[in-house]
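Residue numbers (my numbering): 7 to 276.
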Ligand code: SIN
Ligand code: MN
């Protein structure tokens, strides 16, 4: 998959692009079951909210086949290679649950702020591509973005080790208000299977999910291979150390999983 010139211009200008319904309902159903399977695993990569429900499954492409294939999917890797202009490796992989009723806040931050300060990634030649697994609505804790905030470089931040289970370099309210005064604040919403591409310098956050609807989003954080991290302080399943270029799979790489799911459902119903 390739982005068209308007999408590329929008990414440059606003720092993000939203593309609805890139994955079919059958492909999304595979990812939905896969998310529940990883949330149920008792592994160090699966972090939990204070209530005990899953918050984030890190590095799920290493221990679940559907997420392994998603991590090499041409509909994700293609557009990112186009924007970053060359081969990319996986810096981080997260399946974020934002569980019904219990999904907690992600404070205002820039991902590259953390990648530079914690991992010594040399430049913001890295970005996120997010896949909506559930429908994302105004009600279930959508991601909030400040358009244009990626043009302000790395913004001053403090290390928040207390608000949630996941440490983040977060921005002050004054800084967020100043940036939003210029760029506004948007919450891209859409059906499961939609994509959201955003700059690693984008200032973003998400509110708690008090709705009865879960909001799983998978985030691939991809980095140009020459821009790999230089410091290995965080766990390798949070900040990966395999800098080999990702070879995308074929576009139909989910077909087998879709067929296997249909077969399993048919035999369960029989
Ligand atoms: C993130 O900022 O990395 C995750 C936010 C979310 O899933 O709501
Ligand atoms: Mn983030």
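Every residue, glycine too, gets a C-beta built ideally from N, C-alpha and C.
- Query: Are at least three pairs of beta-carbons, each pair with one atom in the stretch 199 to 219 and one in the stretch 40 to 54, less than 8 Å apart?
  - Reply: no
- Message: With a threshold of 8 Å on Cβ separation, who are the neighbours of residue 36 within its own chain once the five nearest residues in sequence on each side are excluded?
- Response: 72, 260, 263, 264 and 267
- Message: Are the CB atoms of residue 206 and residue 130 within a distance shorter than 8 Å?
- Response: yes
- Item | Among 173, 169 and 185, nearest to residue 159 - alpha-carbon criterion | Closest by C-alpha distance to residue 159, out of 173, 169 and 185, is 185.
- Message: Going by beta-carbon coordinates alone, are residue 211 and residue 115 separated by less than 8 Å?
- Response: With respect to the 8 Å criterion, residue 211 and residue 115 are classified as neighbours on the basis of their beta carbons.
- Message: Helix, strand or coil for residue 102? Go by DSSP, reduced to three states.
- Response: Of the three classes helix, strand and coil, the one that applies to residue 102 here is strand, per DSSP.
- Task: Report yes if the C-beta distance between residue 137 and residue 223 is below 8 Å; otherwise report no.
- Result: yes
- Item | Contact shell at 6 Å, judged by CB to any heavy atom of the ligand SIN, ordered along the chain | 102, 104, 112, 149, 210, 212, 223 and 225
- Under three-state DSSP, which class holds residue 157? It is helical.
- With distances taken between CB atoms, is the gap from residue 101 to residue 151 smaller than 8 Å? no
- Tell me where the alpha helix (DSSP H) around residue 39 begins and ends. 31 to 45
- Which word fits residue 107, buried or exposed, when buried means at least 16 other C-beta atoms lie within 10 angstroms of its C-beta? exposed
- Query: According to DSSP, is residue 290 helix, strand or coil?
  - Reply: This structure cannot settle anything about residue 290, because the visible part of the chain is limited to 7 through 276.
- So is residue 256 buried or exposed if we call it buried at 16+ other beta carbons inside 10 Å? exposed
- Query: Between the stretch 164 to 173 and the stretch 222 to 236, do three or more beta carbon pairs fall short of 8 Å?
  - Reply: No: fewer than three Cβ pairs fall under 8 Å.
- Item | Expected contact under 8 Å - CB spacing of residue 200 and residue 94 to nearest Å | So it is not a contact: roughly 21 Å between Cβ atoms.
- Own chain, CB closer than 7 Å to residue 234, minus 5 neighbours either side, in chain order: 95 and 249
- Query: Is residue 125 near the ligand MN, with its Cβ less than 7 Å from a heavy atom?
  - Reply: no
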